[in-house]
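Visitor: Okay, here's the structure, questions in a sec.
Protein chains: 2
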Amino acid sequence: MTDTIERATTAGAGSSASSEQLVDSAALAEVLFARWADARKHSRELLKREEFHQIPGLGMAEHRARVLGQLRRLVEEGAVHRAFPKGLGGEEDPGGNIAGFEELVIGDPSMQIKTGVQWGLFGAAVLHLGTQRAHEQFLPSIMSLAIPGVFAMTETGHGSDVAGIGTTATFDPGSDEFVIDTPFRAAWKDYLGNAADDGQAAVVFAQLIVDGVNHGVHAFYVPIRDGKHFLPGVGGEDDGLKGGLNGIDNGRLHFTGVRIPRTNLLNRYGDVDENGVYSSPIASPGRRFFTMVGTLVQGRVSLDGASTVASKLALTIAIRYASERRQFAAAGGGGDEVVLLDYQRHQRRLLPRLATTYAMSFAHEQLLEKFHAVFSGEHDSDEDRQDLETLAASLKPFSTWSALETIQEAREACGGAGFLTENRFTQLHADLDIYTTFEGDNNILLQLVAKRLLTDYGRRLVKPDAAAIAAYASQQAGQAVSRSGLRALGQRIADFGSTARSVGNVRGADAQRQLLTDRVETMIAAIAGNLKNAGSLPASDAAALFNANQNELIEAAYAHAELLEWEAFSDRLATIEHPGNKQVLTWLRDLFGFTLIEKHLAWYLINGRLSATRASAITDYIDDRLLPRLRPHALALTDAFQFAPEHLRAPIATGAERERQDEARAYYAAQRANGTAAVEEKALAKGVAPASS
Amino acid sequence: MTDTIERATTAGAGSSASSEQLVDSAALAEVLFARWADARKHSRELLKREEFHQIPGLGMAEHRARVLGQLRRLVEEGAVHRAFPKGLGGEEDPGGNIAGFEELVIGDPSMQIKTGVQWGLFGAAVLHLGTQRAHEQFLPSIMSLAIPGVFAMTETGHGSDVAGIGTTATFDPGSDEFVIDTPFRAAWKDYLGNAADDGQAAVVFAQLIVDGVNHGVHAFYVPIRDGKHFLPGVGGEDDGLKGGLNGIDNGRLHFTGVRIPRTNLLNRYGDVDENGVYSSPIASPGRRFFTMVGTLVQGRVSLDGASTVASKLALTIAIRYASERRQFAAAGGGGDEVVLLDYQRHQRRLLPRLATTYAMSFAHEQLLEKFHAVFSGEHDSDEDRQDLETLAASLKPFSTWSALETIQEAREACGGAGFLTENRFTQLHADLDIYTTFEGDNNILLQLVAKRLLTDYGRRLVKPDAAAIAAYASQQAGQAVSRSGLRALGQRIADFGSTARSVGNVRGADAQRQLLTDRVETMIAAIAGNLKNAGSLPASDAAALFNANQNELIEAAYAHAELLEWEAFSDRLATIEHPGNKQVLTWLRDLFGFTLIEKHLAWYLINGRLSATRASAITDYIDDRLLPRLRPHALALTDAFQFAPEHLRAPIATGAERERQDEARAYYAAQRANGTAAVEEKALAKGVAPASS
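The listed protein sequences derive, respectively, from chains U and B. Numbering of the first sequence is given in my numbering, commencing with residue 1 and proceeding in unit increments. Numbering of the second sequence is given in my numbering, commencing with residue 1 and proceeding in unit increments.
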């Protein structure tokens, strides 16, 4: 039972006791700002201005008008053209563009997303799916916002399944035009930013039909409005009020015999010539489709980044408040009330999420590097693109869900004050809610990742027969799941479960890596084993077999995302030289790794990777070592996020709470000093005389 | 590997294949409506009227005015007086009152909560803390809403720690008055409904001071406004916009030398006579405080019920949509797209939450019975009250958190459509967010429950020494944690881990009960062991020791809440006679129990309660048996919630989606039939002639 006391003492020591300041926040800030620090800081500077701040409770119409005005100001400030061609006034800096853009969430997520609609979707579609002629014809007025535009892909009846959309673009050789049609209600374009009010043109995704042949989904530049009025054949509706992002005018569009010039086809991956002959540089319709859609990955990349920024914001506010707010006197003591962050439960609620947010920040930077390499042309092979897409499809679900959970936990950790709109959490949650759905529903993205992992797994087995799979699964001798974008799963997994009695042997980074890696490998191998006969089954049975493994598939992809986040944290940690920062970030990385392992402890136990003793030691290690060690550095770790007061804008993060608590404590101290304090009835009953006597 | 195929077939069979209709929704509805069906149906009838419906996007001022108007209509309809004395026009039916009240969440959670402020907090405080004189003087105008009132307990500096509030009520013998004062900013009353605009009076909680002695927190009836204007000495602020519930005018109040007659003290549990002498029927100041606060338990009871109603609403909308929405064609088939609810992942997302909501409904009914027994006087001992408080403090955290998670999952499961305010989820989430905080923060409530469990545990050990505890913990020979309100933990726990190979032996209800019960018992015993030396430690060390166990304590209390929910489900199930309903509810109860066990699988493995084989069989049993069995009955199980279209008010739950999907399928079928369908490029490349040829 000495162990118990030792635990308690450790926990006590980590609390309000003043502790050596190990963290150099300024140095750590530069690590977090990373390669595109200039773009981020440029946005942060702009975002100090009130004109870029969200006004909660603004009516929908006013909010929409305000955000449109903000976009015009961003054009003037040169904040949104970094990705476009130099010849048109851009900087051809795709990474810097995303970095600067995702910071906009600090001002108003509606501003961030409407910026994304105009330049990241509408503009990027013209840039990536169009060729020189479209760039010259359309990009200047897109860049200047002279033409606010719509990215018309999603349909009411087809959200994630873009290949199945119903809108058609039929070539009319007589007039050398395409005719755009919406054949039924489910094919209306829906949830489109800029569609309800502002959009003057749209990039419309439609099935391209030439002479009775459907060449699949292509993108077309379609003028839709003249000022406030729809052009002939175009119609639509306002999506109305949404759970958040009400500064964006989402709406629906439909088309009836709308004619556009043949050259309004964005023709990089498929063209129709003046003779009405279709051609494409990509022979396979399937690969062509995925290539086109793949060029639009930047939406996912930037949501990953914006979710990370929003998490940093929420945690900074909650941890500042938790460092000042006192509640309940310590048991047995007549002393001051306890600061919230000294409570173990409060540490459990906030510190693992702080660790996760650091991981997200580092993983996002890797994603941004990969994105930049592809879109700058530095490393732009098919494999690079595929890896980028898989990486984005892995990280986006992780970070968008994590951000929502973090914001919610931060809200609750601040109690009633957290529910006041002025303290930011509720509006951030409302706005970021849909980040889990748009740019690819999280569950669907994870399923895509899982299929990629299965494919990679299958490739490694030259003969994917039952014996090979069984041998693989039993040995867990991992090879690289993928060569570049995906994390190499190298080491042979050690048997952690069999020997050690304490957390000792699993404490190191290698052990964390192996445990996380092994889980991905083993899950994928098991699913591959389950599915191995699918090819020889009738289609409906094969579909049922796949469906019976769907939940496990998605869980495996999520495990892979967790591994990627952990690896990114560890990679970055390895480059840090400041000893204090290195020490504290090592604890933080361990907290991240251990909470992941703790979350999946049942898996490690069932699969014999951890013994029961070792497994329970992991929870103890989090509670008794990592949380107390990190608690004194929590504020400094949020200081490194470098939010100015104009970014936080939360009254509870301004020090007002500390002032109030100090005033109250001073009042009681003065009462005790001058003998005016009322005596407690309880004390009186015990025979203590009133203080005034 | 036959097992795999069998699994797949089972999953397939459970999907869109038409299945025998086992559920009698109408009969099941009566089970759910339960004892106070009349009150619930009365509310449901009223809530069909548009005047009681929330209008999303209404400005704060208009929303506040609308909700105040709704309260006036509820008075006219006789919907809010059931709890009050018959002599004053009430019905003295506390259970029916809560039942009818919590349904109001269907119309607008702001209306529900503002009703709760007026009659459940302000009115109930006068009723329960006041005596005949206060009832006669104040209740009539409270009941009629002539005096909208404020329940002024919480302070900016003291949320959950009510005993520590700073507001004082000092007796002035010269004038026979109390003088109410707010000594510093942190003692301002905060987050008070009706405080910003409507409140004409308040029940103010303050430290009662007579002749230099503080008798602790008491409640006082204090007029605060004359129409729109504060009375002298009273001041306040509007809390402004909140994350939700903006139909309620929350605000702050402070008092400077505000004088009220001595008789405005609500004097049931403490009085000051005309000679300025304090007396109380409860000698212990601590017990007196908890008794007073305990009379206000109905807020927690009703939040538990309202969260359950809101969960039913969200699941009905999401499951209806999931039963109509099609997305992605089945692999390999050229056939129709698949209905969302046929996807395993979608079942995993929604069906366990449906099971949880049924558990919440049955557990809430038990809570309501207990509440009614106490407040009707049928069973009103100290022990009954303590059990009621513990039960409420257990269920409220479970159901408020569960409702938020369910609403969020339902939102995400409906994709972009789920984000449109018209489909209800986002506003329900925004409004119910604070249910986890007010009427007692969930984490604090669970800590109180845990302390009660520890106390009960200690009482059972006459000599709570180390040997006794160790013997107890190792034997897990459970006795009743409590005799009445808490669930008796009776059976000796079988060793599930040692023998069986399949899920067979843990499938029965007894096994589920034992596993869930054992976990609570063992966790409490372990914590008691950790804390056993606390009494002999210096106060600060004892506090640190307690803090080092805080997270585990709260987890243990949550495990206890899970057990209570499961027991309530099983109790109610035992009374059901309709064979189809009994069969389907048995699967649903099993799904609830198995998902609880699955969630805590690591604990069962670490503690040797389940073998690895058995543990992994639990997940398989959920995926391969329970979900496919329940899927065909999901709609019927939500039909039993009996929401009328005017209650749901969600366009995606009206059948519109089915119409759209049918229209689209008919369009393509017609194209294929009349030969106008474009041929796929892919098919063409394989040499298939266009359909038109």
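Where a beta carbon is used, it is the ideal one built from N, C-alpha and C, also for glycine.
#1: What does the alpha-carbon distance come out to for the pair U:A50 and U:I106?
#2: Within 10 angstroms of the Cβ of U:V309, are there 16 or more other Cβ atoms? Answer buried if so, exposed if not.
#3: Taking the DSSP output, what are the residues bridged to B:E337?
#4: Please report the straight-line C-alpha distance between U:A195 and U:V67, rounded to a whole angstrom.
#5: State the start and end residues of the unbroken beta strand (DSSP E) segment that holds U:N214.
#6: Under 8 Å between C-beta atoms, does B:L601 make it to chain U?
#7: Does any residue of chain B bring its CB to less than 8 Å from the CB of U:R82?
#8: Report the three-state DSSP secondary structure of B:S175 (helix, strand or coil).
#9: Taking 7 Å as the limit between beta carbons, can you name the residues of its chain near B:A683, skipping five residues before and five after?
#10: Which runs of the beta strand (DSSP E) fall wholly inside the stretch 61–103 of chain B and span at least 3 residues, in chain order?
#11: So, does the CB of B:T499 fall closer than 8 Å to a CB anywhere in chain U?
#12: Between which two residues does the alpha helix (DSSP H) containing U:V309 stretch?
#13: Where does B:L192 sit, in a helix, a strand or coil, going by DSSP?
#14: Taking the DSSP output, what are the residues bridged to B:R739?
#15: Should U:L266 and U:A125 be called a contact, given that it needs their Cβ atoms to be closer than 8 Å?
#16: What ranges does the alpha helix (DSSP H) occupy inside the stretch 614–646 of chain U, keeping only unbroken runs of at least 4 residues that lie completely in it?
#17: I'd like to check one pair, B:L428 with B:A509: are the Cβ atoms closer than 8 Å?
#18: If I follow the unbroken beta strand (DSSP E) through U:F151, where does it start and stop?
#19: Are the C-beta of U:F328 and some C-beta of chain B separated by less than 8 Å?
#20: Based on Cα-Cα distance, which residue from B:Y191, B:G270 and B:Q200 lies nearest to B:N214?
#21: Does the beta carbon of U:D271 come closer than 8 Å to any beta carbon on chain B?
#22: In this structure, how does DSSP classify U:K242 when only helix, strand and coil are distinguished?
#23: Is the separation between the beta-carbon of U:L32 and that of U:S402 shorter than 8 Å?
#24: Taking 8 Å as the CB-CB cut-off, is B:G120 touching chain U?
#25: So which residues on chain U does B:A678 lean against when the C-beta distance must stay under 7 Å?
#26: For U:E680, write down the residues that DSSP places opposite it in a beta bridge.
#27: Quick one: complete alpha helix (DSSP H) runs, 4+ long, within the stretch 495–555 of chain U?
#28: Run down chain B in chain order and give the residues with a C-beta less than 7 Å from the C-beta of U:Q344.
#29: For my contact list, B:L637 and B:L354 are in at a C-beta cut-off of 8 Å; report their separation, rounded to the angstrom.
#30: Closer than 8 Å, CB to CB, is B:S616 near chain U or not?
#31: Let me make sure I understand the geometry here. Which of U:T517, U:S141, U:D93 and U:F425 has the alpha-carbon closest to that of U:I317?
#32: State the Cα-Cα distance for the pair B:T10 and B:E76, rounded to the nearest angstrom.
#33: What do you reckon, are the CB atoms on U:A678 and B:I209 nearer than 8 Å?
#34: Quick one: is U:K228 near chain B, going by C-beta distance under 8 Å?
#35: Counting contacts by CB-CB distance shorter than 8 Å, is B:T131 in contact with chain U?
#36: Take B:I98 and list the residues in its own chain whose beta-carbon comes closer than 7 Å to its own, dropping the five residues that flank it on each side.
Guide: Here's the rundown:
#1: According to the sequence as given, residue 50 of chain U is Glu; it is not Ala. Spanning the alpha carbons of U:E50 and U:I106 requires a straight line of approximately 12 Å.
#2: Label assigned to U:V309: buried.
#3: In the DSSP output, where bridge partners are listed per residue, B:E337 has B:A329.
#4: Each residue's Cα considered, the two are about 15 Å apart.
#5: Run containing U:N214: V213 to P223, per the beta strand (DSSP E) assignment.
#6: With its beta carbon less than 8 Å from one in chain U, B:L601 belongs to the interface.
#7: Judged by the 8 Å Cβ criterion, U:R82 is not in contact with chain B.
#8: In this structure, B:S175 counts as coil in the three-state DSSP scheme.
#9: The beta carbon of B:A683 sits closer than 7 Å to no other beta carbon from its chain once the five residues preceding and following it are set aside.
#10: As far as the stretch 61–103 of chain B is concerned, it has no whole beta strand (DSSP E) run of at least 3 residues.
#11: Legend: pLDDT at B:T499 = 36, less than 50; position of this residue unreliable, value from coordinates given subsequently. So, not an interface residue.
#12: Segment Q298 to A322, the alpha helix (DSSP H) holding U:V309.
#13: Here B:L192 sits in strand by DSSP.
#14: There is no way to answer for residue 739 of chain B, as the model of chain B reaches only from 1 to 693.
#15: Yes; because the gap between Cβ atoms is below 8 Å, this pair is in contact.
#16: With a minimum length of 4 residues, the continuous alpha helix (DSSP H) runs that stay inside the stretch 614–646 of chain U are 627–630 and 634–639.
#17: No.
#18: Element bounds for U:F151: G149 to A152.
#19: Closer than 8 Å: yes.
#20: Of the listed residues, the one whose Cα sits closest to B:N214 is B:G270.
#21: Answer no: the Cβ-Cβ gap between U:D271 and chain B never drops below 8 Å.
#22: DSSP places U:K242 within a strand segment (E or B) once states are collapsed to three.
#23: Contact flag unset, no.
#24: Output row for B:G120: interface = no.
#25: Chain U residues near B:A678: I209, G212, V213 and N214.
#26: DSSP output for U:E680 lists B:N214 as bridge partner(s).
#27: Unbroken alpha helix (DSSP H) stretches of 4 residues or longer found wholly inside the stretch 495–555 of chain U: 509–531 and 539–548, given in chain order.
#28: Annotation: Cβ neighbours of U:Q344 in chain B (cutoff 7 Å, chain order): N547, A548, Q550 and N551.
#29: With a Cβ gap of about 6 Å, B:L637 and B:L354 count as contacting.
#30: Yes, contact with chain U.
#31: Of the listed residues, the one whose Cα sits closest to U:I317 is U:F425.
#32: In this predicted model, B:T10 has a pLDDT of only 32, less than 50, meaning its place in the structure is not dependable; the value taken from the coordinates is given anyway. Going from the Cα of B:T10 to the Cα of B:E76 covers about 55 Å.
#33: Yes, Cβ-Cβ distance for U:A678 and B:I209 is below 8 Å.
#34: Contact with chain B is absent for U:K228, since none of that chain's Cβ atoms lies less than 8 Å from the residue's Cβ.
#35: Residue contact check for B:T131 against chain U: no CB pair falls below 8 Å.
#36: These residues qualify, in order along the chain: Q298, V301, S302, G305, L368 and F371.
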